[in-house]
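For what it's worth, the working numbering labels the leading residue of the sequence shown as 7, then goes sequentially. Working notes for the structure below.
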Amino acid sequence: MAIIQKEEKLELKFEKELENLSNLKNRILKTATTETVELLFGGAISNGASDIHFEPEEKSIRLRFRIDGALEDIMDLNKAGYPAILNRIKLMAGLKINIHDSPQDGRFTVKKESGDIEARISVLPGAYDESIVIRLLDPQTLRKNLEELGMRDELLEEVKKQLKKTTGSILTTGPTGSGKTTTLYAFVNFVNKPGIKIVTIEDPIEYLIKGISQTQVEPDKGYSFANGLRSIVRQDPDVILVGEIRDSETTEIVMHAALTGHLVFSTLHTNDAAGTIPRLIDMGTKSQVIAPAINLIMAQRLVRKLCQECKKKIRASPEETKKINDALGRGSNEIEIFKKEGCEKCNFTGYKGRIGVFEAFTVDDELEKLILKSPAVSEIRDLLRRRGMITMLQDSYLKILDGITDFEEAKRILGE
């Protein structure tokens with residue numbers, strides 16, 4: 007799939023009324039097709055959308071925004087006006103408007119007073135027409151401090167302690183869209199001080215950070231995480247950020263760098279923190295290398311926060327009370343929690359914003375001895391449970407008790 011890149015800029019005037027999705031829909035219905043693209047981008051960005059989806063169906067074009075990680079139906083667009091929208095977006099992204107049977111990728115920049123937003127475009131042929139997905143990368147959403155991520159006080163202090171070390175690695179795990187990149191950038195912001203050299207290798211570079219060296223992988227040109235990381239180690243860095251561990255070669259270099267005087271931050275895909283160690287072993291890492299090379303392993307997810315304007319206090323049901331008591335080892339008979347309501351501030355969803363739920367552990371002597379045996383995930387989970395690690399599910403229940411989120415959202419993200 008060829009990537010055609012062209013630096014175009016779309017300048018928008020942001021209007022207060024576009025922050026309401028109902029107003030946005032009414033404006034689009036009354037607007038000429040030529041101005042629809044500007045309205046859509048203005049509305050998406052004003053509402054904090056991370057993605058815009060145009061999904062052609064038999065008689066209309068389904069328009070959806072991904073807001074706080076969940077897709078929201080906006081409206082059905084008239085199919086007659088879609089070719090004009092499609093061609094406008096293709097032209098801005100530097101794509102070929104006469105190609106309709108092959109996927110195309112491109113990008114352009116959206117001008118905003120508080121900073122530019124990069125729009126990454128994916129066009130895919132479909133049964134009824136070409137579908138478009140636009141990823142909106144807003145640097146403001148990534149510029150977070152550790153305190154803003156949602157870690158419990160004791161976990162926050164442990165993370166800060168590990169970030170003050172000069173060697174070893176900190177790994178964050180979770181599926182796509184779980185906030186791992188935001189967490190890595192928060193790590194970098196915490197350690198980014200005069201006298202420290204930080205080098206990153208990313209795919210892609212989400213936003214530029216003053217005072218550090220950032221590089222982007224380009225597999226088509228032979229610049230992968232593995233060979234890029236080899237070069238980075240020769241740049242005499244103190245801290246290295248590796249966007250993702252994808253293969254055994256990258257794993258080996260990350261572990262070696264962590265053992266030879268570097269502090270390394272990286273991510274990989276596992277379901278929970280305990281699964282990280284077996285995953286590394288499966289990727290060819292020697293078990294005797296893992297323990298001394300890793301300082302902290304953390305898994306995370308993102309849950310939507312209840313809208314603070316309209317949430318309502320209720321008494322937990324017997325079933326909810328039992329779940330909380332069983333998960334947290336409590337014996338309360340009456341527990342107060344909050345439920346979503348819906349208002350104009352949250353576009354009647356009941357949620358506004360997202361926050362992380364976490365689980366994390368450090369590698370101690372007992373765990374190191376277990377790692378040497380190449381343990382199953384269940385064995386590691388049992389040890390961590392005995393050590394009293396707060397799981398992501400427990401963390402979500404603590405946030406339910408604090409009125410930050412609700413059972414519906416915890417179940418959507420973490421299951422039962």
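Beta carbons: idealized from backbone N, C-alpha and C, even for Gly. The structure displayed is predicted, hence computed values, not measured ones.
| Query | Result |
| --- | --- |
| Along the alpha helix (DSSP H) that carries Leu235, what are the first and last residues, could you check? | Phe231 to Val239 |
| Can the beta-carbon of Asp278 be found closer than 7 Å to that of Ala305? | yes |
| Quick one: what's Ala125 bridged to in DSSP? | Phe114 and Leu142 |
| Pull up the distance between the alpha-carbon of Pro181 and that of Phe231, whole angstroms please. | 19 Å |
| Which whole runs of the beta strand (DSSP E) in the stretch 49-82 are 3 residues long or more, in chain order? | 55-62 and 66-73 |
| Taking the straight line between their C-alpha atoms, what separation do you get for Arg141 and Phe71? | 10 Å |
| Please check the pair Phe367 and Leu399, which I expect to be a contact at CB under 8 Å, by giving their CB distance rounded to whole angstroms. | In fact, because the Cβ distance is near 15 Å, the residues do not count as touching under 8 Å. |
| Quick check: what's the CA-CA separation for Met157 versus Leu404? | 11 Å |
| Quick check: what's the CA-CA separation for Arg393 versus Asp135? | 55 Å |
| Mind reading off the beta-carbon distance from Leu97 to Glu124? Whole number of angstroms is fine, and I expect it under 8 Å. | Rounded, the Cβ-Cβ distance is 17 Å, inconsistent with contact. |
| Tell me, please, which residues DSSP counts as bridged to Lys319. | Phe344 |
| Could you tell me the boundaries of the beta strand (DSSP E) in which Gln220 lies? | Ser219 to Gln222 |
| Quick test of your reading: Gly75 and Arg360, contact by CB under 8 Å. State the CB separation rounded to the nearest angstrom. | 6 Å |
| Strictly by DSSP, which residues pair up with Phe367? | Ile303 |
| What does the Cβ neighbour count give for Thr276, buried or exposed, with the cut at 16 atoms within 10 Å? | buried |
| In angstroms with no decimal places, state the Cα-to-Cα distance between Lys425 and Leu161. | With the chain covering 7 to 422 only, the question about residue 425 has no answer from this structure. |
| Could you tell me whether the Cβ atoms of Val295 and Leu269 are closer together than 7 Å? | no |
| Which residue or residues does DSSP assign as beta-bridge partners of Asn84? | Ser66 |
| Quick one: Cα of Asn84 to Cα of Arg94, how far? | 16 Å |
| Check for me: the alpha helix (DSSP H) holding Ser184 runs from which residue to which? | That residue, Ser184, is in no alpha helix (DSSP H); it is neither H nor E in DSSP. |
| Going by alpha carbons, who is nearest to Pro145 out of Glu119, Thr355 and Ile127? | Glu119 |
| Specify the secondary structure class of Thr206 as computed by DSSP and reduced to three states. | strand |
| For Gln11, which residues in the same chain have their Cβ closer than 7 Å to its Cβ, ignoring the five residues on either side in sequence? | Bear in mind that a pLDDT of 42 at Gln11, under 50, signals an unreliable position, so the model cannot answer this. |
| What is the DSSP secondary structure of Arg310, reduced to helix, strand or coil? | strand |
| Relative to the C-alpha of Thr440, which candidate in Arg310, Lys329, Asp242 and Ile238 has its C-alpha closest? | Absent from the structure is residue 440, since the part of the chain shown begins at 7 and ends at 422. |
| If you reduce the DSSP assignment to three classes, tell me which class Lys167 lands in. | helix |
| If contacts are defined as beta-carbon pairs under 8 Å, then Ile386 and Ala297 qualify, I think. What distance do you get, rounded to the angstrom? | Contact flag wrong, Cβ pair sits at about 12 Å. |
| Name the residue from Ala264, Thr257, Ala382 and Glu347 whose alpha carbon lies nearest to the alpha carbon of Thr172. | Ala264 |
| Grab the span of the beta strand (DSSP E) containing Phe413 for me, first residue to last. | Taken as a continuous stretch (DSSP letters only), Phe413 belongs to no beta strand (DSSP E), being part of the alpha helix (DSSP H) at Phe413 to Leu420. |
| Whole angstroms is fine: what's the gap from Gly290's alpha carbon to Arg126's? | 34 Å |
| I need the straight-line Cα distance from Ile80 to Gln241, nearest angstrom please. | 48 Å |
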